[in-house]
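Numbering (the UniProt record's numbering), first residue to last: 1 to 327. No residue lacks a Cβ here, since even glycine has one placed at the ideal position from N, Cα and C. Read the structure below first, then the notes.
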Amino acid sequence: MANTSNGIKIIYGAGGVCSAFVTVPEGVDFHDYSKKVFETLKKDGITTLDTAEFYPGSEEEIGLHGGANDFTVDTKLPGGLAPPRKKDEIIAGGLASLAKLKTKQVDVLYFHKPETTVPFEEQLEATNELYKQGAFKRLGISNYTAEQVQQVYDISKKNGYPLPTVYQGNYSAVARLSETTLLPTLRKLGIAYYAYSPIAGGFLAKTRQQVKERAGRFDPASPLGDMWKNVYDKPSFLDVLDKWGIIADDAGVKKAELAYRWVIHHSALEGQHGDGVIFGANSQTQLEETVKYVRAGPLSKDIADRIRGLWDSIKHEVTLDGYNSSE
């Protein structure tokens, strides 16, 4: 797994090889596109892929290109993103992911979103069975509240199941609620924090007009378009976006680069706790650019302080993620 100069892990979000999320140029075969993505990642020293059952075709694409031989692979059971599953169905889903990935074991197996209609005890009994079969090395959870994290930890510890050691959550310069509502619990329990959406679902790379026009991931036809709109298309956020563009200009960098460098070098993430950042890209050009961004160093103190100051104007209406409105 590639690390930055301050020890933050850099992970590729393999939704970028999911045909439902990425449109390749006309005449380009999607399998060829994915192959080039993996070649670029290897060349640039990115060694971990983050995928999920919820990313249609992503696990299969990794399997097709032998990704588990060249990369560390993490994947996710859908949890609350799919109809409720009982123990046997959860086990079957985990094994199906391994088959698609063409591997016997992943590093981290997550629950993508909490499933609250099936007892956590039953769900964790299922992942314990997968663990005993060697299906994964570490248990992860994603988009859980602090209270739910504690519940999962307590149930796992009580029953001798693998403890959750990685949490994946929404975190960026405009999504910092987790610093106070979630991170203290993760630190207490020794759980690493992997930040997804460091550019806020593309929000921090856009203009006000692009957000209003629902460009990119905000497109209603996009799988998460409505979710991102509900989270970020608010007057206070759009005002911050205007200021964000000015700060980027003053720093002499693109808006996306500003976002990545802030999260990696100036946020609450810490290499000593095993924290990481998950980045994505929807084109080969964007991939190559983003790899450069995550390799860049810290911002100036003035720029970092100005970014930090934006938080006060939006924190009153920020949500933890697209699934939870508070802690």
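Residue closest to residue i, alpha-carbon to alpha-carbon, out of the options
{"i": "Gly271", "options": "Ile191, Tyr293, Lys255 and Thr290", "result": "Ile191"}
{"i": "Pro235", "options": "Val28, Val318 and Ala96", "result": "Val318"}
{"i": "Phe279", "options": "Ala268, Glu257 and Gly297", "result": "Glu257"}
{"i": "Lys42", "options": "Tyr12, Asp29 and Lys132", "result": "Tyr12"}
{"i": "Lys206", "options": "Lys243, Tyr196 and Phe71", "result": "Lys243"}
{"i": "Asp70", "options": "Ala268, Ile199 and Asp44", "result": "Asp44"}
{"i": "Leu81", "options": "Ile10, Asn143, Thr47 and Asp50", "result": "Asn143"}
{"i": "His65", "options": "Ile246, Ala126 and Phe30", "result": "Phe30"}
{"i": "Ala195", "options": "Arg138, Glu122, Tyr167 and Ser97", "result": "Tyr167"}
{"i": "Thr117", "options": "Ala92, Lys87 and Lys104", "result": "Lys87"}
{"i": "Asp239", "options": "Val211, Lys254, Ser156 and Ile46", "result": "Val211"}
{"i": "Asn159", "options": "Thr180, Glu122, Pro184 and Val174", "result": "Glu122"}
{"i": "Tyr33", "options": "Arg308, Arg295, Ser283 and Leu299", "result": "Ser283"}
{"i": "Thr23", "options": "Ser156, Lys315 and Gln286", "result": "Gln286"}
{"i": "Ile199", "options": "Tyr293, His273, Leu124 and Glu147", "result": "Tyr293"}
{"i": "Ala175", "options": "Asp249, Ile307, Ile246 and Gly27", "result": "Ile307"}
Residue span of the alpha helix (DSSP H) that contains residue i, given as start and end
{"i": "Phe54", "result": "Phe54 -> no alpha helix (DSSP H), and no H or E assigned at all."}
{"i": "Glu211", "result": "According to the sequence as given, residue 211 is Val; it is not Glu. Note, Val211: alpha helix (DSSP H), Arg208 to Lys212."}
{"i": "Val240", "result": "Pro235 to Ala251"}
{"i": "Asp70", "result": "Gly67 to Asp70"}
{"i": "Ser97", "result": "Lys87 to Leu101"}
Contacts around residue i, its chain only, beta-carbon distance under 6 Å, and the 5 residues preceding and following it disregarded
{"i": "Gly57", "result": "Cys18 and Ser19"}
{"i": "Leu109", "result": "Phe136"}
{"i": "Thr290", "result": "Phe279 and Ala281"}
{"i": "Leu189", "result": "Tyr153"}
{"i": "Leu186", "result": "Tyr167 and Tyr193"}
{"i": "Pro25", "result": "none"}
{"i": "Pro78", "result": "Glu53, Phe54 and His112"}
Neighbourhood of residue i by C-beta, 8 Å cutoff - its chain only, sequence neighbours within 5 removed
{"i": "Gly297", "result": "Ser5, Arg261 and His265"}
{"i": "Ser313", "result": "Ser236, Asp239 and Val240"}
First through last residue of the beta strand (DSSP E) which encompasses residue i
{"i": "Gly169", "result": "Pro164 to Asn170"}
Residue i: CB within 7 Å of a non-hydrogen atom of the ligand GTP
{"i": "Lys137", "result": "As presented, the structure is devoid of all ligands, the ligand GTP included, so that no description of it is given."}
Contact belief for residue i with residue j at Cβ below 8 Å, rounded distance in angstroms
{"i": "Glu59", "j": "Pro84", "result": "About 21 Å separates the two Cβ atoms, so there is no contact after all."}
{"i": "Leu320", "j": "Leu177", "result": "5 Å"}
{"i": "Thr103", "j": "Arg138", "result": "No, Thr103 and Arg138 are not in contact; Cβ-Cβ is about 15 Å, not under 8 Å."}
{"i": "Gly134", "j": "Gln105", "result": "6 Å"}
{"i": "Gly276", "j": "Lys9", "result": "3 Å"}
{"i": "Asn128", "j": "Tyr161", "result": "4 Å"}
{"i": "Gly63", "j": "Leu101", "result": "5 Å"}
{"i": "Gly67", "j": "Val37", "result": "With a Cβ gap of about 10 Å, Gly67 and Val37 do not count as contacting."}
Sequence-distant residues of its chain with Cβ nearer than 7 Å to residue i (five each side left out)
{"i": "Ala14", "result": "Leu49, Asp50, Thr51, Tyr55, Ser58 and Ile62"}
(request) Would you mind listing the beta strand (DSSP E) stretches within the segment 255 to 305 that are 3+ residues and don't spill past its ends, in chain order? (result) 276 to 279
(request) Please specify which runs of the beta strand (DSSP E), each continuous and at least 3 residues long, are wholly inside the segment 9 to 51, giving them in chain order. (result) 9 to 13 and 48 to 50
(message) Suppose only complete runs of 3+ residues qualify. What are the beta strand (DSSP E) ranges in the segment 110 to 194, listed by chain order?
(response) 136 to 142 and 164 to 170
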